[in-house]
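Engineer: Right, I'll just put the structure down here and ask away after.
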Amino acid sequence: MDEITEKQDPKYSFSDYWPSIGIVGAIFSLITFVGGLFFGYQQINSEPSGSFLSPFMISSGVLCLVSSIAGLIAVWHFTREVSPVLKLGQGAVIGFLTGAVIVVVSVLLSELWILLVDPEYNEKMLESVIANFEAMDMPQSTKDDMIDAMAESIESQQSIFRQIFIGIPITGLINLVTALIGVAIFAEKKQNDF
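Using the numbering used here, read the sequence shown as starting at 158 and increasing by one per residue.
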């Protein structure tokens with residue numbers, strides 16, 4: 158009887174979740190880090206076009222969409238490697254923690270890049286974005302407001318703790334939702350016995 162109950166309602170320890178969370182989180186943090194560098198250097202090396210669709214603007218949406226499927230992939234990995242039986246709450250934990258791993262690892266990689274490889278990266282990025290805003294065809298007061306807002310945004314991102322404090326809830330919640338979708342798709346469904 159206990160064996161049947163255990164098959165239908167398995168109890169997992171926290172260590173059962175970590176391989177899926179760690180592997181998928183590390184892969185997606187590398188993807189977002191490399192993608193961020195790619196789009197960042199595209200922005201730095203591009204001529205100011207005056208367009209809202211600059212590489213800097215496009216990268217935010219693209220990288221958010223790419224990292225949002227990590228929760229779904231982590232649930233898929235868990236159902237293939239640990240157990241096909243998974244509840245929604247367990248999937249939610251996997252998704253949120255996968256998002257947290259993505260944020261922490263990608264922020265640390267970014268800080269290491271700026272510290273060891275290109276210490277002037279943020280300044281070059283800010284100059285490039287400001288040059289793009291100045292090339293836009295709009296009133297000077299609007300340009301000044303946009304430039305001030307962008308400069309404040311980039312300067313505020315220089316704090317590791319601020320990036321982590323804002324990034325974990327946002328990325329974690331997005332991946333929590335995709336993990337719930339992953340549970341609905343990949344987890345074994347309970348059979349109702351009548």
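Even glycine gets a Cβ: it sits at the ideal position worked out from N, Cα and C.
Taking its Cβ as the centre, do 16 or more other Cβ atoms sit within 10 Å of Gly218, making it buried, or is it exposed?
Structural biologist: When all chains shown are included, Gly218 counts as exposed.
Engineer: Rank Ser225, Ser263, Gln200, Gly339 by C-alpha distance to the C-alpha of Met214 and give the top, closest one.
Structural biologist: Nearest of Ser225, Ser263, Gln200, Gly339 to Met214, Cα basis: Gln200.
Engineer: I'd like to check one pair, Ser216 with Ile259: are the Cβ atoms closer than 7 angstroms?
Structural biologist: No, they are not a contact pair.
Engineer: Val242 and Pro326: beta carbons closer than 7 angstroms?
Structural biologist: No, they are not a contact pair.
Engineer: Answer with buried or exposed for Ser310, where buried requires no fewer than 16 other C-beta atoms within 10 angstroms of its C-beta.
Structural biologist: Burial call: exposed.
Engineer: Just verifying my parser: in three-state terms, what is the DSSP assignment at Lys300?
Structural biologist: Correct three-state label for Lys300: helix.
Engineer: When you compare only the Cα positions, how much space is there between Ile180 and Val232?
Structural biologist: Roughly 12 angstroms separates the two Cα atoms.
Engineer: I'd like to know if the segment 332–340 and the segment 268–277 are in contact, where contact means that at least 3 CB-CB pairs between them fall below 8 angstroms.
Structural biologist: Result no; under three Cβ-Cβ pairs closer than 8 angstroms.
Engineer: Quick one, which of Gly256, Asp301, Phe190, Pro212 has its alpha-carbon nearest Ile230's?
Structural biologist: Looking at the Cα atoms, Gly256 is the closest of the given residues.
Engineer: How long is the line joining the alpha carbons of Tyr169 and Thr236, rounded to whole angstroms?
Structural biologist: Rounded to the nearest angstrom, the two C-alpha atoms are 12 angstroms apart.
Engineer: By the DSSP assignment, the alpha helix (DSSP H) with Glu280 in it spans what residues?
Structural biologist: Taken as a continuous stretch (DSSP letters only), the alpha helix (DSSP H) holding Glu280 covers 278–291.
Engineer: I'd like to know if the segment 293–301 and the segment 182–195 are in contact, where contact means that at least 3 CB-CB pairs between them fall below 8 angstroms.
Structural biologist: No contact exists between the segment 293–301 and the segment 182–195.
Engineer: Tell me whether Val239 sits in a helix, a strand or coil according to DSSP, three-state version.
Structural biologist: Three-state DSSP puts Val239 in coil, outside helix and strand.
Engineer: For the alpha helix (DSSP H) that Met214 lies in, which residues bound it at each end?
Structural biologist: Looking at the DSSP string, the run of the alpha helix (DSSP H) that includes Met214 is 212–225.
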